[in-house]
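Read the structure below first, then the notes.
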Amino acid sequence: MDATALQYETQKLVQQLEAQKTEMHVLEAKFKELRNEQSSYDNTLISLDKMWNQLVDDLILLGVPFGGGLNNLPALDHEELSEESIESCPSDEIFLFMLLKSKNYGKKDDNSLLEFAEEALALRRSATLALMRSLQEAIAAQHARSEYLSLALNGGKSNEDVVVALQNHNDHLKEVVGNVREAISIVNEKHKRYLDEIEAFKSGYSKELQEIQHLQES
428 MDATALQYET QKLVQQLEAQ KTEMHVLEAK FKELRNEQSS YDNTLISLDK MWNQLVDDLI
488 LLGVPFGGGL NNLPALDHEE LSEESIESCP SDEIFLFMLL KSKNYGKKDD NSLLEFAEEA
548 LALRRSATLA LMRSLQEAIA AQHARSEYLS LALNGGKSNE DVVVALQNHN DHLKEVVGNV
608 REAISIVNEK HKRYLDEIEA FKSGYSKELQ EIQHLQES
């Protein structure tokens with residue numbers, strides 16, 4: 428191969444490399460764009476899940492002073508994703524899975540995933556609406572008890588009815604106090620768990636920093 432042909436082949440190779448480099452830059456930019464979109468999507472799902480959990484907590488805790496029963500208190504302990512659930516869920520859909528609050532994920536195509544998401548969100552929405560109705564019923568029941576007690580104390584009932592009304596009111600207050608204590612206990616447990624998780628994160632982060640510093644020094 429003479430010098431001219433060699434130079435020509437070299438130029439072709441350089442052009443090919445430049446073209447490939449340009450394509451790589453385009454792909455890297457696209458990948459970065461997609462990664463940013465995924466991050467924004469994940470952050471939106473995380474925020475929505477937190478706000479929804481807070482709404483559920485508020486509905487439950489608001490109902491306790493009005494005589495709401497203990498049946499709703501377990502909902503204060505929001506389920507975390509198990510390792511098995513995480514392993515069965517694609518990494519780019521983990522936060523959607525958290526929002527759906529469902530253990531039955533599995534591998535799904537786009538259509539079945541949409542149906543699954545709609546059904547799971549409908550179930551979560553239905554459960555939240557049930558909490559709202561429960562709060563409304565607790566407030567209405569408290570209002571009715573107050574009205575009855577007021578009527579009894581203002582001479583609208585016999586002495587015997589007044590005694591019964593006071594006894595019922597006293598029993599109700601005892602139940603409310605017990606429920607409040609139970610709610611406080613659950614909230615304290617959640618608070619302790621969050622503190623433990625924060626400490627574990629800080630400890631892990633500190634170890635990572637030490638390892639990075641060690642690698643930089645070596």
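Residue numbering for the sequence shown follows this note's numbering, starting at 428 and increasing by one per position. Built from N, CA and C at the ideal position, the CB exists for glycine as well. This structure is a prediction, so every number in the text was calculated from the model and none was measured.
| Asked | Found |
| --- | --- |
| Alpha-carbon spacing of GLN443 relative to GLN637, whole angstroms | 44 Å |
| Nearest-angstrom Cα separation, counted from GLN447 out to LEU454 | 10 Å |
| Integer Cβ distance of ALA610 from LEU527, believed to fall under 8 Å | Wrong, their Cβ atoms sit about 26 Å apart, outside the cutoff. |
| Limits of the unbroken alpha helix (DSSP H) element including GLU634 | Checking the sequence shown, residue 634 turns out to be Lys, not Glu. Element bounds for LYS634: 586-644. |
| Whole-angstrom distance between LEU548 and LEU558, CA atom to CA atom | 15 Å |
| Rounded separation between PHE522 and VAL614 - CA only | 24 Å |
| Burial state of ASN606 (16 or more Cβ within 10 Å) | buried |
| Beta-carbon proximity check, MET525 vs ASP476, cutoff 7 Å | yes |
| Cβ-Cβ distance between ALA592 and GLY495 below 7 Å | no |
| VAL604, buried or exposed, once every other Cβ within 10 Å from all chains shown has been counted against 16 | exposed |
| 7 Å CB neighbourhood of PHE493 in its chain, flanking five on each side removed | ALA565, ILE566, GLN569 |
| Beta-carbon proximity check, HIS505 vs ASN470, cutoff 7 Å | no |
| Status (buried if at least 16 other CB within 10 Å, exposed otherwise) for GLY490 | buried |
| Cβ neighbours of ALA430 in the same chain (closer than 8 Å, five flanking residues each side left out) | none |
| Local conformation of LYS457 per DSSP, three classes | helix |
| Cβ neighbours of LEU482 in the same chain (closer than 8 Å, five flanking residues each side left out) | THR555 |
| First and last residue of the uninterrupted alpha helix (DSSP H) at LEU497 | Where LEU497 is concerned, there is no enclosing alpha helix (DSSP H), given that its DSSP letter is neither H nor E. |
| Nearest residue (CA-CA) to LEU541, options ARG560, GLU520, LYS459 | GLU520 |
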